[in-house]
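Per this note's numbering: the sequence shown = residues 1 to 153. All residues carry an ideal CB built from backbone N, CA and C; glycine is no exception. All values derive from a computational prediction rather than experimental measurement. Shown next, in structure tokens, is the structure this report addresses.
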Amino acid sequence: MPENLPVIPLFEGFNAGQYSALNAIFERYKCPPNTTVFQQGDPPDFLYLILKGRAVIAYKPYDGPPIVITRLKVGDVFGWSAVIGGKKYTSSVTSVSELEALRIRRQDIFDLLNNSPEIGKIIIDRLALNVSPRWKNAHEQIHQFIETNRRQP
1 MPENLPVIPL
11 FEGFNAGQYS
21 ALNAIFERYK
31 CPPNTTVFQQ
41 GDPPDFLYLI
51 LKGRAVIAYK
61 PYDGPPIVIT
71 RLKVGDVFGW
81 SAVIGGKKYT
91 SSVTSVSELE
101 ALRIRRQDIF
111 DLLNNSPEIG
121 KIIIDRLALN
131 VSPRWKNAHE
141 QIHQFIETNR
151 RQP
């Protein structure tokens, strides 16, 4: 396996040529605690997979303070706006501890899907499995936040 890619389930089962193609497009990202990885409204340039550390996703409504939507840990994926074709990130991500992640550029995702659709589909499917439980959890957290902070008449 190429040096850049860690031994994790995301990269299992690919042959040497496929690993080489993936190694060329994934890059390592590191930052210290309390670093803004990206802000809500920034162009969605990267999709991230956490290898080490923790981060939080926060949403800033136009009329209030930021709300922590979810807490991220090793194995979690964030920055889905880069995949789904959004024009900007819909939330902000800040590291809570030293953070190490793999990231892939938006254009490289689309190029992978066009040039190597079999690899692209496997990678996107595996990444989606990492994020789908969090979407459910985020929905539950938002619902709980609304119920807790509902104004009494």
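Sequence-distant residues of the same chain with beta carbon closer than 7 Å to residue i, five excluded per side
{"i": "P43", "result": "K88"}
{"i": "E118", "result": "none"}
{"i": "V163", "result": "An answer regarding residue 163 cannot be provided, because it is not within the stretch 1 to 153 covered by the chain."}
{"i": "A82", "result": "P44, D45, F46, L47, R106, I109"}
{"i": "L51", "result": "P6, V74, E100, A101, L102"}
Which listed residue (the options) has its alpha carbon closest to that of residue i
{"i": "Y62", "options": "T90, S97, Q107, E27", "result": "T90"}
{"i": "D45", "options": "I84, K73, A24", "result": "I84"}
{"i": "W80", "options": "L99, I104, P65", "result": "I104"}
{"i": "P66", "options": "K73, K52, Q39, I50", "result": "Q39"}
{"i": "P28", "options": "L49, G64, P9", "result": "Reading off the sequence, residue 28 comes out as Arg, not Pro. For the residues L49, G64, P9, the minimum Cα distance to R28 belongs to L49."}
Span separating the alpha-carbon of residue i from that of residue j
{"i": "C31", "j": "V56", "result": "14 Å"}
{"i": "Y165", "j": "V93", "result": "There is no way to answer for residue 165, as the model of the chain reaches only from 1 to 153."}
{"i": "Y19", "j": "G41", "result": "33 Å"}
{"i": "D125", "j": "T36", "result": "27 Å"}
{"i": "G196", "j": "A16", "result": "Any question about residue 196 goes unanswered here, given that the chain covers just 1 to 153."}
{"i": "F14", "j": "Q107", "result": "22 Å"}
{"i": "N114", "j": "G120", "result": "8 Å"}
{"i": "D111", "j": "L47", "result": "14 Å"}
{"i": "E98", "j": "I69", "result": "20 Å"}
{"i": "N149", "j": "L72", "result": "A caution first: N149 carries a pLDDT of 46, below 50, which makes its placement in the model unreliable, though a value can still be read off. Each residue's Cα considered, the two are about 24 Å apart."}
Own chain residues within Cβ distance below 6 Å of residue i, not counting five before or after
{"i": "L127", "result": "V77"}
{"i": "I156", "result": "No statement about residue 156 is possible, as the shown extent of the chain runs from 1 to 153 and does not include it."}
8 Å Cβ cutoff, residue i in contact with chain B
{"i": "N115", "result": "This model lacks chain B altogether; it includes just one protein chain."}
Beta-ladder partner(s) of residue i, from DSSP
{"i": "T94", "result": "T36, V56"}
Kindly provide the ranges of any beta strand (DSSP E) runs that are 3 or more residues long and lie completely inside the segment 30–70, ordered along the chain. The qualifying runs are 36–38, 46–52, 55–59.
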